[in-house]
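This note's numbering puts the first residue of the sequence shown at 418, with every later residue one more than the last.
Built from N, CA and C at the ideal position, the CB exists for glycine as well.
Here's the structure, in structure tokens; my notes come after.
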Amino acid sequence: MLGLTLEQTRVYQEAKAEGREEREAEMLKLTVPLLLKTGMSVEEIAQHLNVDIETVQLAIQQNT
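Shown next as structure tokens:
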């Protein structure tokens, strides 16, 4: 079959990327509130987690 492995297919790559994004979003939903409770600012959280401020704010909104 065209000499492709399953891992080389577009469908597999897209599914893998989607799973990664879902895991990252879930981790943010759990981590951001804990960091806020320690007194960190939104800006500090974004910097430490290497995400943009809007991503942190979205995680906060999803937890309220």
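Query	Result
DSSP three-state assignment for residue 420, whether helix, strand or coil	coil
Segment contact, 8 Å Cβ cut-off, at least three pairs: the segment 434-454 with the segment 462-476	yes
Close-in-space but distant-in-sequence residues of the same chain around residue 460 (CB under 7 Å, 5 per side omitted)	470
Whether residue 500 touches residue 452 by CB criterion (8 Å)	In the structure as shown, the chain begins at 418 and stops at 481. Residue 500 is therefore absent and cannot be evaluated.
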